[in-house]
Structure formats: structure tokens, C-alpha cells
Amino acid sequence: MRDALASPRVEFDDFLSLISPESINHLEELAARAQRLTRERFGRVVTLYAPLYVSNHCSNSCVYCGFNVENRIQRRTLDQREIEAEARSLWEQGFRHLLLVSGESRKEVPVEMLAQTAKNLHSLFPSLSVEVYPLDVDGYKSLVDVGVEGLTIYQETYDPVIYAKVHPGGPKSDYQRRLRAPEQGGEAGFRRIGIGALLGLTDWRYEAVCLALHAMWLQKTFWRTHISISVPRLREAAGGFAPAHPVSDRELVQMICALRLLLPDAGVVLSTRESATFRDGLAPIAVTMMSAGSCTEPGGYTEPGSAEEQFSIEDSRTPAEVALMLERLGLEPVWKDWDVGYLQDDGRDGGEVQG
Amino acid sequence: MKQNNTTKGDSLIIGSRKFTSRLMVGTGKFSSSQTMADAIAASGAEIVTVALRRVDLTNPDHDILSAIDPEKYLILPNTSGARDADEAVRLARLAKASGMEPWIKLEVTPDPRYLLPDPVETLIAAEILVKEGFTVLPYINADPILAKRLEEIGTATVMPLGSPIGTNRGIITRAAIEIIIEQANIPVVVDAGLGAPSHAAEAMELGADAVLVNTAMAVADDPVMMARAFAKGVEAGREAYVAGLASSSRVASASSPLTGFLRD
Chain A
32 MRDALASPRV EFDDFLSLIS PESINHLEEL AARAQRLTRE RFGRVVTLYA
82 PLYVSNHCSN SCVYCGFNVE NRIQRRTLDQ REIEAEARSL WEQGFRHLLL
132 VSGESRKEVP VEMLAQTAKN LHSLFPSLSV EVYPLDVDGY KSLVDVGVEG
182 LTIYQETYDP VIYAKVHPGG PKSDYQRRLR APEQGGEAGF RRIGIGALLG
232 LTDWRYEAVC LALHAMWLQK TFWRTHISIS VPRLREAAGG FAPAHPVSDR
282 ELVQMICALR LLLPDAGVVL STRESATFRD GLAPIAVTMM SAGSCTEPGG
332 YTEPGSAEEQ FSIEDSRTPA EVALMLERLG LEPVWKDWDV GYLQDDGRDG
382 GEVQG
Chain B
15 MKQNNTTKGD SLIIGSRKFT SRLMVGTGKF SSSQTMADAI AASGAEIVTV
65 ALRRVDLTNP DHDILSAIDP EKYLILPNTS GARDADEAVR LARLAKASGM
115 EPWIKLEVTP DPRYLLPDPV ETLIAAEILV KEGFTVLPYI NADPILAKRL
165 EEIGTATVMP LGSPIGTNRG IITRAAIEII IEQANIPVVV DAGLGAPSHA
215 AEAMELGADA VLVNTAMAVA DDPVMMARAF AKGVEAGREA YVAGLASSSR
265 VASASSPLTG FLRD
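Residue numbers (this note's numbering), protein chains in the order written: chain A, 32 to 386; chain B, 15 to 278.
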């Protein structure tokens, strides 16, 4: 462990010792090194984004998720006018990075609708990402072509046995299809790809190892794409699922810091699933992107309570409050870090995209 | 602008403009706009580069440009984030259309990990932008041939990297940078990787015309003090170069000439 912390470049073997149970006794040193690396590579800044839930219709029966097809909940798919209202509300709060999220219902939310949504929203949000059901290369390409630059798709768990158990029904029960999605996205040309594991389903060290290998492979294969990682801990949702392998705050910090040392250039995303205290503590150490003021129900920003949420959030501060806290922590909240001008000659009209 | 006595009149000329400071600064990675503005002021820099992707004209409260006084500094927009020539050219045109000076720090960095510049796309973009009347300052790997090719095209400078952006490793490309400086007819600005004032001094001692620093200032515990330290490093290195470093002369000259016995 000491060797691993001291080595100028953390290799995979070092990483294994950094996530070992013994290493938790050196958490402070681990955090210090993670912070140094994060500052060097990303600076004293955190980029803010917001998720926009388009639909909670879903044909999967993931046992931990509020959108589980078997849950009798209020379902809703927003139309373009409703999406725009939600988007405008987020824009007015300062956001310029938007993540479009949807349950897996190709009928309710076909890829053409996602592409149309992206087209409509591009003039408001220079940076658009999607977190939706897996698509093939052509499907992803149709989103890249209208300027969607980021893809978020988490494996949830890399353990195939547990995967089968917690994803008993629907298209998501296909482990391989999910695993292949990030590389389909890489081939389609997304500039940013976010992968992750949902912590609590199995031993976090197993997930850490697989996630690290997955990220390293993606970095090498899709060298033009920026890879980011996220390790959300399971939260309460409709259905009352309790995680079998809860991860403590200290363990989560150990995991994220170890990942930072192994992957100094990877983005680290921290959502509002975590508490305000935890987010404030971790932000200056290893985080590069944070959501703020999130609603996980479709329509939740303008008509709260009109549909069931995916999971309950823990940090319920407003975006302005989160930004202020980041400033107090000596970090600049960055609202805009992308421009439509990269892709469009007439950058402001949200119309034709070239290249 | 602060000026050094011993190197008075020693100005840096880029394109049609004259500068007294040989330290350019970047604006990313700072903890706040105020800290950034204070550090820039302390650095004495006259050229300040800004990533176009950070500029948000729709949101003046959060806009990086609002912290930089265009009367005091030449704001040099950069194309950081561009993956190819097309994207870089589009961004440069966008900057010009939004009323910025037609100066562009050309960065084409398809690799998001080390942000290393793509030589092929950089050359293509430079050619287009020079033809369109831009003053082009291209960020390049320390490649002497590429530097000459860009000079031939008509770029205003070349900006070879000392080491990859943000690594603070100093001038690990020293041998190639020496050749670039030796051969250049345009200013050579060492950009990226300068982690300490001594690195900046080293670049200037080598004969670089200027340096560009960002990360080392932005992430220092005291960015303002670090900016001052870099200003001193640059001044010291420049003075040493102008004064004539004993070791820098390429052709040896003994203090008593070896050929002094020759009568004619």
C-alpha cells in the first residue's frame, strides 16, 4: 500500500492494493494524492449539469428501480412542449449542460424522438448527453449527428450472476448487450462516455476492478473520447429494495480516490443521490462533474408530483446553493464548458449540423 | 505595464502588435473568476487566452469573459476542445463574428487525456485561418519541421509544448525546442507543462520569445503569488538570455582567442 501511494504512476497492481481493506487506514494520504491529481488535470473547477427525465415508462423489471414495469406508479412521457418547459426552467437556473434520461420504452421514447428533442434543445444547451436504453451504432450515430456529445450508460453491476438476479425481466436482462453499449457509443463518435456501477448489489471491490478495466479499455480503444466514471450508491425507490452490500462513506471515498489515482484523466461524476455533506466533502478531492437540484420524475421541475420518481435524491439543495457551496470550498462552479460552435457553422440556431 | 530596466525596449512583436510582457496566461482551472483576475494582474501579462467553450454570452453572471478587461488585455480566444480542423476553424470564425479580435490560439487536440495537438489538422486549420486574415498562434508538439511548415504558411508564432498540458513536468522536449528556436523567424512561445517559475526561466534562457502558463498558477495555493513568481522567472530568464549565457553560445569563444596569434 505504501509503495502504491509512493509510486510516481499508479499501475493496475497498485490500484488493487489501494482498494484493499488495509488501505482504508491510509485514507487521508490517498485523498491528498487524489486531490493533487484532480487539481493538476482538471483544476479547481466542477462542471454542473442537470438531468431531464423524459419518460418513466419502462419495460424492464430492475428490482432496485422505481420505474420497474411491475411497480404500479404514475407513468408519464413528456411531449416536446413539456420537455421544453422543463428545459427552460433548468436553463433559467443557469444550466448549460443537460442530460436527457428515459426509461426503456422504445415505443414511448423512440430514438427519433430523442434526436428531435436534442435538435430542439441545442440552442439552449450547448452540451447535451443522453442516459437511455442501449442502442446500436446507427442508433447512437443518429444522436451524435444532431449534436448529442455525451453518452451515459452504467453496467449497474459487472457480476453476471447478480446482474441476472436484479434484472429479471425486459431487454435489460441481457448483460452482454448492456456491456457492449459504451463501445457502440464509442464507435458512433460520442465525445464523452460515462460508465458506472450501482453500488450495493455486490462487493464494491469487484465492481471497482471491473469498472477500472472497462474504463482503461475504452480509453485505449476510443482515444478521442473522454471517459468518465460514476459509482452511485443505491437509494430508496418504489418497490422497497434494500441493497445486500451497502458501502460505507469511507469505503466510497477509498474507491473513488483509488480510481482517480489509476485513471488521472477520467471524469468523476457525483449525483444528488449522495448527501450534501458527503458531496461537499468529496467535491474538492476528486469530483469533476456534479448534478444539482435534480428531479428524477418526468415533469418534476415544472409540475412536481405528476409522476413517480426513479429514486429519491439526498442532496435537495437548489443549484444556486450548490454553486455557492462550491465557491466556499474554493472551487469554481462551471456552468458552460462546451459550445455548439464546434459542430455548427451557424452556432446559435440549433438547425443543420455538419460533420 | 511594469518594465524591466536592463531589458528596456526589448519588446515582443507578434503580428502587428508590440508587447512588453513575455508571459501569457491561460484562464482555465482557477477557483474563481476573481482569483483568476487577480492572478492575471499580478502576472503582468498582456495576452490572456480564453477557451471559447467557456464563453457564454447568454449568461453574463457566469461568463468567464466578464472578469477580463479587454481594454487592458489582448483576449486571445482558443479552440481548446476542437478535435479536427473543421471544428477549430468554425470556432475561430464564431469568435470573430462575436466581435473578438481576429486572433486565435489554434488548439486541435483530439485526445482528451493528454490534450496533445494533432499536427496534421493543425496545419490544415492554420492554412485556412491565415488565408482568412486571422493572426494564428498554433499550439504544437515540439516538432521543428512542423514549426517551419507553419511559419511558411504565415502563422504569427509557433507554440511548442514543454510537456503535456497540466502535467507541470517542465521542458521535457528541450532538445527539439532548441532546434525550433534556432530555426524560427517568428516568435516561439513555449506553451504547456511549465510547472514552476524555474521552468519558465529555462524556456526564456533557451531563447524562447515568450511562455504561456496556466495550470501552475491556477492550482497553486496562492495563485496571485505564483503569478508574480512566474513573472520574475520569465524576466530572469529573458535577461540571462539577452545578457548572453556562457553556456548558450553555440560556437565556442575562448576568453583569449585561440587564433589570436594569426596576424592577418
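Even for Gly, the Cβ is constructed at its ideal location relative to N, Cα and C.
- Task: Note the first and the last residue of the continuous alpha helix (DSSP H) segment covering B/Pro237.
- Result: 237-257
- Message: Run through chain B and tell me which residues come within less than 7 Å of A/Gly324, C-beta to C-beta.
- Response: Ordered by position in chain B, no residue passes the 7 Å Cβ test against A/Gly324, which lies about 15 Å from the chain.
- Query: Considering only C-alpha positions, which residue in the set B/Gly180, B/Gly176, B/Leu88 is nearest to B/Ala190?
  - Reply: Closest by alpha carbon: B/Gly176.
- Please list the partners that B/Asn199 has in chain A, where partner means a Cβ-to-Cβ separation under 8 Å. For a Cβ distance threshold of 8 Å, nothing in chain A lies close to B/Asn199: the least Cβ distance comes to about 33 Å.
- Rounded separation between A/Asp190 and A/Thr233 - CA only: 8 Å
- Could you give the C-beta distance for A/Gly372 and B/Arg104, rounded to a whole number, given that I count them as a contact under 8 Å? A Cβ-Cβ distance of about 6 Å is found for the pair A/Gly372 and B/Arg104, placing them in contact under the 8 Å criterion.
- Query: Which first and last residues belong to the alpha helix (DSSP H) in which A/Arg223 is found?
  - Reply: That residue, A/Arg223, is in no alpha helix (DSSP H); its beta strand (DSSP E) goes 223-227.
- Task: Would you identify the three-state DSSP class for B/Met114, choosing helix, strand or coil?
- Result: Correct three-state label for B/Met114: coil.
- With distances taken from CA atoms, which of A/Ala243, A/Met247, A/Leu229 is nearest A/Ala273? A/Leu229
- Using alpha carbons as the reference points, say which of B/Leu130, B/Asn228, B/Val248 lies closest to B/Leu220. B/Val248
- Per-residue burial, B/Lys119 [other beta carbons within 10 Å of its own, 16 or more giving buried]: buried
- If you scan the segment 89-135 of chain B from start to end, which runs of the alpha helix (DSSP H) of 4 or more residues do you find wholly inside it? Counting only runs of 4 or more, we get 99-111.
- Message: Can you look up A/Gly216 in the DSSP assignment and give me helix, strand or coil?
- Response: In the structure shown, A/Gly216 sits in a helix (DSSP, three-state: H, G or I).
- Of all Cβ atoms in chain A, is any one closer than 7 Å to the Cβ of B/Glu101? yes
- Query: Can you tell me the Cα-Cα spacing of A/Gly381 and B/Ala102, whole angstroms?
  - Reply: Here A/Gly381 scores only 36 on pLDDT, less than 50, and its place in the model is too uncertain to base an answer on.
- Task: Indicate whether at least one CB of chain B lies closer than 7 Å to the CB of A/Lys251.
- Result: no
- Item | Listed by chain order, chain B residues near A/His257 by CB distance under 9 Å | Residues of chain B passing the Cβ test: Pro126, Arg127.
- Partner residues on chain A for B/Gly95, Cβ-Cβ distance less than 9 Å: Arg222, Asp368, Trp369, Asp370, Tyr373
- Message: Using a Cβ distance threshold of 8 Å, determine whether the segment 129-148 of chain A contacts the segment 356-365 of chain A, with at least three qualifying pairs required.
- Response: no
- With a cut-off of 7 Å, does the C-beta of A/Glu363 fall near any C-beta of chain B? yes
- Message: Would B/Ala241 and B/Met231 be called neighbours here (beta carbons separated by less than 7 Å)?
- Response: yes
- What are the start and end residues of the beta strand (DSSP E) that includes B/Ala65? 61-65
- Indicate the three-state DSSP secondary structure (helix, strand or coil) for A/Tyr164 in the structure shown. coil
- Compute the beta-carbon to beta-carbon distance between A/Leu293 and A/Ala243, rounded to the nearest angstrom, for a pair I have assumed lies under 8 Å. That belief holds up - the Cβ atoms of A/Leu293 and A/Ala243 are roughly 6 Å apart, short of 8 Å.
- Task: Measure from the C-beta of A/Arg112 to each C-beta in chain B and report whether the shortest distance is under 7 Å.
- Result: At a cut-off of 7 Å between beta carbons, A/Arg112 makes no contact with chain B.
- Item | Simplified DSSP state of B/Tyr153, which is helix, strand or coil | Note: B/Tyr153 maps to strand in three-state DSSP.
- Message: Below 8 Å on C-beta distance, what does B/Phe44 contact in chain A?
- Response: Gly74, Arg75, Val76, Glu363
- Query: CB-CB under 8 Å to B/Ile54, same chain, minus the five flanking residues each way: which ones, in chain order?
  - Reply: So the list reads Val39, Thr41, Val62, Ile82, Tyr87, Ala241, once near-sequence residues are dropped.
- With a CB to CB cut of under 6 Å and the five nearest residues on each side skipped, what residues in its chain are close to A/Ile193? Leu232, Thr233
- Message: With H, G and I counted as helix, E and B as strand and the rest as coil, what does DSSP make of A/Pro202?
- Response: helix
- Message: Bridge partners for A/Asp176 per DSSP, in chain order?
- Response: The partner list for A/Asp176 (beta bridge, DSSP) is empty, contrary to what the question assumes.
- Could you confirm whether any beta carbon from chain B is found closer than 7 Å to the beta carbon of A/Arg70? yes
- Message: Looking at B/Glu121: is its Cβ nearer than 7 Å to the Cβ of B/Asn155?
- Response: no
- Quick one, are the C-beta atoms of A/Thr183 and A/Glu214 less than 7 Å apart? Not closer than 7 Å, so no.
- Query: Which residues in chain A sit within 9 Å of B/Asn182, going by Cβ to Cβ distance?
  - Reply: Glu71
- One or two residues paired with B/Pro158 in a DSSP bridge: Bridge partners of B/Pro158: none, in fact.
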